[in-house]
Every structure is written in structure tokens, then in C-alpha cells.
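Enquirer: Chains as they are written, first to last, in our numbering: chain B, 388 to 490; chain C, 252 to 638; chain E, 67 to 738; chain G, 628 to 796.
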Amino acid sequence: MNIPLGHYLILAAILFAIGLAGALTRKNAIIVLMGIEVMFNSAILNLVAFWQYKYFAVPTAQLFAIFAIAVAAAESAVGLALVIAVYRHYKSVDVDEMKELKG
Amino acid sequence: METIYQILHTTFANVPAWAVQIAAFLIPIAFIFGVYPAIFALTTLVERKALGRIQNRYGPNRVGIFGILQPLADGLKILLKEDIVPRVADKFTHFLAPVLIVIPGLLVYLVVPVAPGMVAVDLKIGVLFALAVGTMSVIALFMAGWASRNKFSVLGAVRAVAQVVSYEVPTVMAGVAVIMAAGTLSTLTIVQRQGGGLLNISNWYVFRPWGLVGFALFIIGGLAESARCPFDLPEAESELIGGYHTEYSGFKFALFQMGEYLAGMAMAGVTVTLFLGGYMGPGSGPGLAGGLISMLWFFVKLAGMIGLNIWIRGTWPRLRVDQLMGFAWKVLLPLALVNIVAVGFWHFLTPRPLAWIITTGWLVIWFLVLTKCNASAKLEKREYRYV
Amino acid sequence: MDHLQNLARQQWLIPVIPLAAAAIQSLLPRSAKKLSAGLCLIAMGISCLFALRAFFATLGHTDAPQAVWNFTWFEYGTVSFKLGFILDPLTAAMAAMVTFVGFWIFVNATGYMHDDENFTRFFCFLSLFAAAMLGLVISNNILLLFMCWELVGLCSYLLIGFWFQKPSAAAACKKAFITTRIGDVGFFLGILMLFWKTGTLNLYTAEGTGALQRVGELLGPGWFGWSVATTIAVLLFIGAMGKSAQFPLHVWLPDAMEGPTPVSALIHAATMVAAGVFMVGRMFPLFIAGGSLEHPTFAMDMVLYIGAFTALFSATIAVAQFDIKRVLAYSTCSQLGFMVMALGAGGLVPGQFHLLTHAFFKALLFLGSGCVIIGTHHEQDMRKMGGLRKYMPITFVCYLIGMLALAGVPPFAGFFSKDEVLLVTFQRSKLAWGMATFAAFLTGFYMTRQMFMVFAGKWRGGDHNEVHGHGGHEPHEVPWNMWLPIAVLSLFAVGLGFFGGKYAHYLGAEEEELSGKALVMGLSIAVGALGIFLGWVLYGRKPLAHANDPDPLEDKLGGLFTCLNRKWYVDEFYEATIIRATTACGTLFRVIDKRLVDGILHSIVWIVRGISQVCRWVGDEFFINGGFDAGCQTVRGSGWLMSKLQNGRVQNYFRVLGLGTIILLVVYFLKS
Amino acid sequence: MNLAFWIISAVTVLGALLAVSLRNLVHCVLALILFFIGIAAHYFLLRADFLGTVQILIYVGAVAVLILFAIMLTHNVTGTDGPREILGVKWWSGAVIAAALAILLKKAILSDPLAMVLPAGDKAQSSVAEIGRALVANWVVPLEAIAILLTAALIGAVVIALEEIQKSR
């Protein structure tokens, strides 16, 4: 198991990019949320990778990841609730239609 | 798995290390794949005979002596049945759902210790793993319901998901109580902790006040998870035809059945390890003989639990949906939390009798309070107009 | 000395008590007649007691005691402006006289004004006047003196014009106020010059920095070649002329008779007119500064000759007057002339002493005439009176005493004081003395004329106006509260004369024998007797039978008499010259204003409007609308661009976010 | 063992890609679940077993279900006949940005010496007891904060979503 840290970082970067692409390109709000979820996980993966490769002596390093997961979960819950509320108003979850806050 | 590895390594010294490792890895899996489906087949038969007995009739006794071969017959039948897939169904998901239902059931057995040292994978976080995997079945249920594009199946799926999710929380909390008492998450050590004492029985957690409550919670949780008997609303025939597996036929339907039963047995297994002392019983101990006896004890307890399930299925009526949900959130969850506190008392109050009194008192009081405030309004005496 | 200092400190009580009374009376409703009169009398009584207390305190001292008490009125910057009160023989005597005479005049006034509906208002003005006069008397600061001076002028205006319903009264009070104001201008210039030259307005200060104490410094060149002191003296005397009705500014005094008689008595006999003389007495060091009796300063000459001329001039007019009060008014003018002449001749003591005695018997005469008027039911023309000795015996006796005192008959006060005045004038200049002596003769004559016309013969009032039918009343004696004052005053008119020497000593003037004392005295007695005899000859032997008989003197003098009666046409002269000149100036200025000023204004307005038109066209159209608006356009355009970025799409913002991070990374790489 | 890493990362990347690009929403969610499981596997690889189980418990167990419910509540049940056009208005700019980001990050990572560090292997022991003790001891404030956050999120989500049900009744 001698995979250097770089591989993990690159993996995380790729996942992050995929998440970002999803969030940016897709029309459906839920897919955008899923994209964001993917980005969250890639970040946490980064954290854990660093714990394993660099700060393995410190058991509490994992706490970062735990707290991050908790926050991400809370965020997605609220995000989805918002999407539902938006759907009720717009009768569609198409991100492009939500232009109400136009400048 | 390490012990097996040692055994194998010593016997086949000349075989290269990695091959041995793979072998060591495969043997437990083979054991699990072999034993538990067999038990599943057996339980189908036993269940139908027991139900018959309860309903004052014989169970299947045509196939083989006393219907022993009935499961085989069912298996064959289902294999030959045509596998109908609805046109509008979501092909991919429809196919994937039955597979996903079976996996969690099996995964749980990884961490269930059958005999001292005899556990597929000795994870330090065994219990948590078991519970976590339990939740995966939810997705499978939903996929099944969703894929078949059928209103009834979707409704059934939603109900199943809601039920499983809401019962999962109290079960996990009850598990937490045991983890607190045992101090570790790994199932092996929990079982060892329950050993000792009079005939290896007195230390079982079930004989602790909080253990008893936890045990009850786990039983109820187990039933709810596998949507059996009092909680078998998802495929309540009268309302939702078959629930989420209406559109399934043939072997997929069999897989569903197997998945359910396995999940039920998995929860039974976990309950046994956590509360009934796993393989601990009079005579169980390390070594070959002790190992065999402990294995025997494990399967006896497992059978007992399954029997209890079947017995409950035969006798208890089905719950209404809101009662079901209310019961989970308003009674079980608070009770589980209270249980955790009770374990806290138990842990810190060193003089045993004092600990007993306080924890039991605490739990009884809370039990009364919860039942009191959740009791549904007492129905007034009915007067009959034409009397 | 500290006792005097205490008294000096309490000097301010004397004017303040009547002032307080005046304040309270002003609030009283018209019906509170008794209360108002009572208040006035009590206040005057109290201040009279205080004045007498101060007078007797100063009496005891031999060297002219002087106690000054200054207090800071206000401070501006480092300089603190001080006001103060002075207690010296001059003030003490004057205050005592004013309060005493004033008290008795007020008593008489209660009777005189008994049935007048504005009773309370009258007494309010009276107490205000008393306060002002006393304030003037005790003040040690010339500005305070000037303020009281003005207040006194105001009170005279109010009192003269008391019956303002009568147009003649309204005109008279205006006339009085304006002429005194003309004098006051000179007075004020004098004050300014004094302040300018000495830097302080306090007359005497304990440290000796008072204006009058540093008169020596004021000998520098002033106006018209006079010394500064003389210039100030002249200016101040102009003020005194206005107030004491000296020659050019005397016209207002006879018309002032329109006011009620107690007013005339108080103001135009005893106090106000005396204020001028008192002021000159107070500022005497200024007048004699730089000169001595041998070669006096111009101011002294001016005072002397004006005094003498006024005495003669007004005496001549008095002879030809028919209104009882006008005769007395002109006699006051001439007596004032005497006082001023005495001061001009360097005799502070005779002047002041004559002032005191004159105050008593002239007040007596005026009150007497008041009683006569009341007795004859408001009849003022002497030709309609006559034979009142039978009807009003007490008034007749007192009036007789007053007449004798005024005429200068030896045992009475008038003789001593007039004699002193003539003596001093004799030393100074023979011409003035001659004029004065002739005036004394005339005084004797017109007083006897008045006596016989009023009291001798028989009552002419009835027959003249049967037409009206109300004239049939017989004159009657006045009630007690009118004849008591004149009785008291007549006592003083008799007794005061003997105190002449003691008064001189009291004022601190050294007693030196003046040459020609016997000659002057003898001549004055002779002249007085001659005047009385002539009066008796013309009027006494056969008093006028009817109201409209010609005046015996008239057929003697003919044209001159009418001229005298018309007051030497002085009013007409003023009318012709000064008044017409001012109206002419007025119209001239109006025209100038109309043509010149408006013209300039209109042209300026026109120019400004022109400029604004130009600015509007050039500035506004070209620059602002053009340049500025263009600028706004560009800003709004860029604004529109920016808003497109803000199009509400969440993903858009997200893309911008991503872009930002990429740019940051690129920069990071480029840098490292 | 390297093989395990490659397989699992392949699975994860595939999951992520499918989650983002599939037309059918439910399939996307399944791909996402696959992605979550891949991540959990990675945690186990990195010997962070507690984290792995937590990941499964939370993401696979709860978040996936949440998303499924969301899809059900917002989309017409069948889900397939949605608008043909699944890509956003200016989708290409998003893709370009993501690609650029990936390249830049890759470049940054490779340029950093840290990348070559080798894993700790067995030395990295993380026992749940230690984590628990740490959580309750000197990390108790963040724990309480997270507790508050979660309850707030819970109630918030309910309040936002609930309104609809009341109206419909």
C-alpha cells in the first residue's frame, strides 16, 4: 500500500472538478445539489488522506472529517428543503428559470 | 479471519503468502454464503409449519417427510417461473433492486461472531458496521418500488423506507447503550465481556435492567427493519397488494424473500451477539471442543430468536401507519435515550445492589411516563341508542 | 466718615422707594384711587425721612464731607463700568428739598385731582417722576445722571400731556419733550467728550480718579479754541438750558402749564427745572476750570449773560400775561435766569441757595394758584377772577406770603437769596447786575399785578358768562388737603431766608466779605418797593370792574403790551425759521431718494439679469447639459453591463466563483 | 494492495461522472450512492474505519434517501419524461472552468514535494475510543455546536418543506 499522497490529492481534485462541472452545467437543481455533495466528499477525502499520510499520529485529526461530514449532511438537508420550497413556487426545478433575484 | 489464516498457513506452509491470504479471506465468505441461506430455506419451512400449527392446521407436509423438502420445491418452482418485467419499468433499476436487498443482509454477518475467534472480519467497529449496513437496505427498497413505475409499489416503498428509517434510530441508540457498557465496538470483545459468571449466562447483558430494555428495543427494531408481522405494512396484501415487490416475479421475487429473511436473521444475530452473549453458554470456550459448543449455542439462540419472530407473526395484529410511526418516535426513541442514561448510572454506581435499584427504578419510571403520555384517549363507554 | 460711607451706600434707597411705589401703582386698576394715593404719599414720606436723615448727618460736619460708594454695573473685557452714589452737602440739601416739597405737593395733588378718573395713573407718574429726580440728584456717575435726566424729561412729557384728550396738552407735551431733547443732545456730546478725555464717567471716586477730581488734565485744547473743560462745560450747559428753560430753549415752559397745577408746581417750579441748575452746580469744577473770578472762562461768561438775559426777558413777558399759571411760569423762567446768572458769576452757593428758597415759595405760589383754580371751578384767566380774598382767606394769606417772598421783600426768604445773587453778579459784571436789578423790579411789579387782579376788587367771574348760565357760582375755599401744604410751604418761605449764611458755611464755601454789599442790598430793596408801588398804582387803587375791561398797563404800553403778551413772537419766529427749514430738508431728501437711489438700484438689477441670461446660455446649455449628461450616459451604460452579470441565475454566480479560483491559481503559479 | 486503490478510485470516479451526467434522475442518485460507497471504501483503505462506517451510515443511509425523497417530491413521479434538454444555458463555460480547475490543481499537486509522501500503514491507528474521548474532552464545544447546527437544520428543513402539506390539506 505504497500509494503516494499525490494520487489521493489528484483523485480528490478530479472528483472535485467533476462535482463542480455537474453543479455548473446541469439544469436540474437536485443534480446541482448532488454535484455539491460530490465536491464535499472529495474535500473530506482530502482531509482523511492527509490524516493518513501526514498526521497519522494524531487520532483527533479525523474529527475534522467527522465535523465536515456532519455539516455537509445538514447543508444538503436544508438545500433539498429549499429546492422543494422553490419547486412549489416555480412548479419546476430548472435552475435557469429561477431568475427572480435579477439585479 | 486471522486465526483461519494462521491455521491455513501452518498447514500449507509451502503455498505462497498471497494465495494463502486469499484463501483465508474466501473461507469465511464461503461459510457465510453456505450456512445462512440454508438457514433461510429452513426457516421458510419452519415458519409455514409453525403458522399452520398456530392456526390449528398442519403446515406443508406433502413434499418429503413432514414437508422437509418443501423449500427445495419452492426454490425449483421459482427458478422455473417466468420473470416478467413491466414495459414502463426502469430496466436497470428494476434488475438491480433485488440484488441490493440481499447484500446488506449478508454483510451484517461479517461481524457476527459465531464462535470465539470465529468471525469473518474482526472489525474494531463491528457493531457500528452492522448497523450502518442495515441502513443500505433502505435504498434497495426504494429502488424496487420506484423502478416498477407502479403507484402501489411506490407507496409501499415509501412506507417501507419511512418505517425502516424511523425504527433504525431507536435500534442504533439501543446499540449505543450496549457499546457504552461493553466499552468497545468490536463484537468479539462484546461477546467475551458477556462470558464468565455463573455458567457463562449470568453476565449476559439481557440480565441487566438496561440490557432487557435494549433487548426489547432490538427485537422490535429487528421486526420493523425486515417489515415482518406487526410492521409488515409495506406488503400488506389488503391495501398494497404486494408492496414494493408486486412487479417482481420469478427468481427476483425469491431474492426479495431471501433478502427480507436474511435481514431479519441478521438483526436476530446482532441481537444475540449484543444481548444474549453471542456464543457464550455453559461449556463454550476456546479450543476446538469449546468452539463447537459455542457455535452450537449461537445457532440455538439464533433459532430461538427466529422462533420468536415466527410466533409474533402468527399472533400479533398489524399496526396502523401513524400508530407505527408514533410508537417509533414517541416511545422507542425516548426509551432508548433513557436507556443510555441508565447505562451511565450502571457504569458509575459501583455498589451492585444500589446500581440495580437505581437503574431499574429509573427505567420503570420513564417507561410509565412514556406510556402514560402516549396512551390514546380512553374511549368513552359506548351507549347504544336502541337499547 | 464711615457713618457717612454707610449712608452713601444706602443712598440708593431714596429713589428706589418711590420707584417701587410707581411700579405697584402702575399695576393697580383705575378704581384703586385711595390705595394709589396712599402708596405714593407713604413712599415719598419714607424717602423724605431717609433724605432728612442723610441731610442732618452731613449737617454736623464742618469740612464739606463727601462719601462716595461705587459699584460695578457691568464688565466688558478688563474694564469694569462703575456706577455710584454720592452724599455731599449739595446732594443732601437738594434731596431733602425735593422730597419735602414733593410730599406736600402730592398732598395737594390728592385734593386737586380728586374727581379726575385717571387718578391712579397720575399718582403713578408722580412717584415715577420723584424717583427719577432723586436718582438724578444722588448719582455720582454722569451717565446715571443723564439716564435720570432723560427719565425726568419723560415724566414731564407724561404729566404735561396728562389730559391728552386736549389737543393743546398733547401739543404742549410734545413741544416740551422735543425742546428738552435738543438740549440733551448737547448734554450727551458733553458726556461723550468727558468720557473720551478722562476715560471714566464717575465724578468722584475714593481713589481720586473721578472725572471732576482730575479736572486739571482737561486743560488741553478743545473746540473753538476753548480748553477741553470749557468745551465740555458749554455742551453740558446747553443741556441745562434745555431743561431749565433758559433763553433759546425756554418756549416749552409756558405751554407746559397745560398739565394739572400740582404737576406745574412740582416739575416747573421746584424740581425739574432746578435739575439744570443742580447739574451745573454738580459739574461746577468743570465750569471754573482754567479760569478764576478775575478772568473767567468763556463758559462762565456764557452762563452769566444767558442767565441775566433770560431773567430780564421772561420777566418782561410775565408782566403782560393774563393766565394766572403763565405769569408764574415766566416768573420761574426769570428766577431760573437769576440762579444761572449767579452760577455764571462763580457763586455756587448763592445760586444753589436761591434755588432752594425759590423751590419753596414758587411751589407755594403754584399750589396757591391751584387752589384758586379749584376754588373758581377751573377758571384760569385772571381777568375773570378778583375779590377772592373774601372767598378764600387762607389761600389769600399764603399766596400773599409767597408773593412777598418772590418779590424780595426783606424779611422773606426771597430777599436774602436774591440779594446774595445780585451781590455776586455785582462783583462779576455791572451790565448783568443792571439787567438783574431791572428784572427784580419787574418781578415785584407783575407779582403785585397778579395779586390785585386775583384777590382785590370783586368777583368778576359771574357776569361775564351769563350766557352759559353756569358762571353764577361763588368761589369757595378749598378743602384741608389743599390749603395745608401751602400753609406749611409758606412757613418755609418765611423762615428759610435766615439760613443763608449757615447754608454757605454748610456748602464749605469760605466766608469772605464782598465789596459794595450795602449798596447792592439797599438798591435791591428800593427797586422791589418801587415795583410793588407801581403795581398798586395801576391795579390796586381801582381794580378791574369787569372781566373784559382793558388791562390798565395795556393803554400805557399799547403795542408793546400785545408784543409782550405774544411772548415776543418767539414761537412764531421758531415756526418760521427752524420748522420750515426741517420740512424743506425732509422733502429734499425724499426727492433725492426717489431719483438717485431707486435709479441706481434699477440699473444694477437690469445688469445682473443680463449677466444671468448670458450665463444660462453659455454655461448651462453648453457645458452642463452637454458634458455632464454625456458622462451620466456612459455611467448608466456601464451600469447596464454590470447588471447583466447579475442575472439571478445561481449557476452564473457559481461560474464566476470558479473563474475567480482559477485566476488565483494561475497567479499563484505565475508568481512561484 | 495498490490494485485495491486503483479499482476503488475507478469506481468512485465512475460513480461521480455518472451521477453528474445521466439523464434519468434516479439513475443519477444510484450513481451517487455508488460514489459514496467508493469514498467509504477509500476511508477503509486509509485505515479510517470509523469514518468509513460513519460515511456509509450518513451518506448512503440518510443523504441518498433524502435526495430520493426530494426527487419524488419535486419531479413528476415517472421522472423520465422530463425536459429533453438536461444541460444548463451556458453549460460549456461550466465544463471549461471545471476542466481548467482540474488541470491547475493536478499541476499544483505534482509540483509540491508533499505528494511523494508514503502512507503510514499500520502505524496510523485510530481507535473509536480515542476519538470519542477527544470529542467529549477538548472538542466538546465544536460537538455542541454541531449538535445545535444539526437540530437547526432539521427544524429549518421541516419548516421550509412543511408549508406545502398544510396548504394542501
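Cβ atoms here follow ideal geometry from the backbone N, Cα and C, with glycine treated the same way. These figures come from a predicted structure and were not determined experimentally.
1. Taking S193(E) as part of the beta strand (DSSP E), name the residues at either end of that continuous run.
2. Quick check on this structure: which residue in M708(E), L585(E), C651(E), Y569(E) has the alpha carbon closest to the alpha carbon of F122(E)?
3. Report yes or no: do the segment 263-272 of chain E and the segment 321-329 of chain E share at least 3 C-beta pairs separated by less than 8 Å?
4. Who are the near neighbours of A196(E) in its chain, counting only those whose CB is closer than 7 Å to its CB and skipping five residues on each side?
5. Could you spell out where the alpha helix (DSSP H) holding I561(C) opens and where it closes?
6. Hey, could you find the ends of the beta strand (DSSP E) A425(E) is sitting in?
7. Can you round the beta-carbon distance between T701(G) and V480(B) to whole angstroms, since I take them to be within the 8 Å contact cut?
8. Determine the contact status of A383(C) and I683(G), defining contact as a CB-CB distance below 7 Å.
9. Below 7 Å on C-beta distance, what does W397(C) contact in chain G?
10. Ends of the alpha helix (DSSP H) at F639(E)?
11. Give the straight-line distance between the Cα atoms of R392(E) and P320(E), rounded to the nearest whole angstrom.
12. Anyone know if the C-beta pair for A381(C) and V359(C) falls short of 7 Å?
13. Whose CA, out of P568(C), A606(C), R636(C), A554(C), lies closest to the CA of T294(C)?
14. Taking F677(G) as the query, report the chain C residues whose CB atoms sit under 7 Å from its CB, ordered along the chain.
15. Taking its Cβ as the centre, do 16 or more other Cβ atoms sit within 10 Å of A792(E), making it buried, or is it exposed?
16. Determine, using beta carbons only, whether S404(C) and Y495(C) come nearer to each other than 7 Å.
17. Enumerate in chain order the residues of its own chain whose CB-to-CB distance from K36(E) is below 7 Å, with the five nearest sequence positions on each side excluded.
18. Tell me E141(E)'s beta-bridge partners as DSSP assigns them.
19. Are the C-beta atoms of L645(G) and some chain B residue less than 7 Å apart?
20. Which chain G residues sit within Cβ distance under 7 Å of A430(B)?
21. At which residue ranges does the segment 406-487 of chain C contain complete alpha helix (DSSP H) runs of 4 or more residues, listed in the order of the chain?
22. Let's see if you can read the secondary structure: which residues bound the alpha helix (DSSP H) around D659(E)?
23. Between the segment 332-353 of chain C and chain G, which residues of the former have a C-beta closer than 8 Å to a C-beta of the latter?
24. Unbroken beta strand (DSSP E) runs of length 3 or more, entirely within the segment 717-796 of chain G: which are they?
25. Distance cutoff 7 Å, beta carbons only. Does A383(C) sit that close to anything in chain G?
26. Identify whether A377(E) lies in helix, strand or coil by the three-state DSSP scheme.
27. Taking the C-alpha atoms as reference points, what is the distance between M516(C) and A366(C)?
28. Select from M338(E), Y640(E), F353(E), H542(E) the residue whose C-alpha is nearest the C-alpha of A411(E).
29. For F632(G) and N428(B), which I take to be in contact (beta-carbon distance under 8 Å), what is that distance rounded to the nearest angstrom?
30. If you follow the alpha helix (DSSP H) that T124(E) is in, where does it begin and where does it stop?
31. Along chain G, in chain order, which residues have C-beta atoms closer than 7 Å to that of V389(C)?
32. Quick one: which unbroken alpha helix (DSSP H) runs of 4-plus residues sit fully inside the segment 394-452 of chain B? Chain order, please.
33. Could you work out which residue in V723(G), L672(G), A756(G), L659(G) is closest to L725(E) when comparing CA atoms only?
34. Measure the Cβ-Cβ separation of T503(E) and V593(E) and say whether it is below 7 Å.
35. If you measure from the beta carbon of D771(G) to each beta carbon in chain B, is any gap under 7 Å?
36. If you run the structure through DSSP and keep just helix, strand and coil, what is F151(E)?
Expert: The short version:
1. S193(E) -> not in any beta strand (DSSP E); alpha helix (DSSP H) instead, spanning 185-204.
2. From the listed residues M708(E), L585(E), C651(E), Y569(E), the smallest Cα separation to F122(E) is found for Y569(E).
3. When C-beta atoms of the segment 263-272 of chain E are compared with those of the segment 321-329 of chain E, fewer than three pairs fall below 8 Å, so the two segments do not count as touching.
4. Taken in chain order, the residues that qualify are P84, M110, G168.
5. Counting along the chain, the alpha helix (DSSP H) containing I561(C) begins and ends at 538-566.
6. Residue range 414-441 is occupied by the alpha helix (DSSP H) that includes A425(E), with no beta strand (DSSP E) assigned at that position.
7. The distance from the Cβ of T701(G) to that of V480(B) is about 5 Å, consistent with a contact at the 8 Å cut-off.
8. The answer is yes: Cβ separation under 7 Å.
9. By Cβ distance, chain G contributes V653.
10. Unbroken alpha helix (DSSP H) run through F639(E): 636-640.
11. For R392(E) and P320(E), the distance between alpha carbons rounds to 6 Å.
12. Yes. Within cutoff.
13. For T294(C), the closest of P568(C), A606(C), R636(C), A554(C) by C-alpha to C-alpha distance is A554(C).
14. Contact note: F677(G) reaches chain C through I376, using a C-beta cutoff of 7 Å and chain order.
15. Since the first and last residues shown for chain E are 67 and 738, residue 792(E) lies out of range.
16. The answer is yes: Cβ separation under 7 Å.
17. The first residue shown for chain E is 67 and the last is 738, placing residue 36(E) beyond what the model contains.
18. Per DSSP, the beta bridge partners of E141(E) are S146(E).
19. Among the CB atoms of chain B, none fall inside 7 Å of the CB of L645(G).
20. By Cβ distance, chain G contributes nothing, its closest Cβ being about 11 Å from A430(B), past 7 Å.
21. The segment 406-487 of chain C contains these whole alpha helix (DSSP H) runs: 438-445, 460-476.
22. First-last for D659(E): undefined, no H or E at that position.
23. So the list reads V339, D341, F343, T344, L347, given in the order they occur along the chain.
24. Taking only runs of at least 3 residues, no beta strand (DSSP E) segment lies wholly in the segment 717-796 of chain G.
25. In terms of beta-carbon proximity, A383(C) lines the interface with chain G, with at least one pair separated by less than 7 Å.
26. Per DSSP, reduced to three states, the secondary structure at A377(E) is helical.
27. The alpha-carbon atoms of M516(C) and A366(C) are separated by roughly 17 Å.
28. Looking at the Cα atoms, F353(E) is the closest of the given residues.
29. About 17 Å separates the beta carbons of F632(G) and N428(B), which is beyond the 8 Å limit, so they are not a contact pair.
30. Its alpha helix (DSSP H) spans residues 99-125.
31. Residues of chain G passing the Cβ test: G688, V692.
32. Contiguous alpha helix (DSSP H) elements confined to the segment 394-452 of chain B occur at 416-440, taking only those with 4 or more residues.
33. Nearest to L725(E) by alpha-carbon distance, out of V723(G), L672(G), A756(G), L659(G), is V723(G).
34. For T503(E) and V593(E), yes; Cβs fall inside 7 Å.
35. Just to set this straight, residue 771(G) is Glu in the shown sequence, not Asp. Output row for E771(G): interface = no.
36. Judged by DSSP in its simplified three-state form, F151(E) adopts strand.
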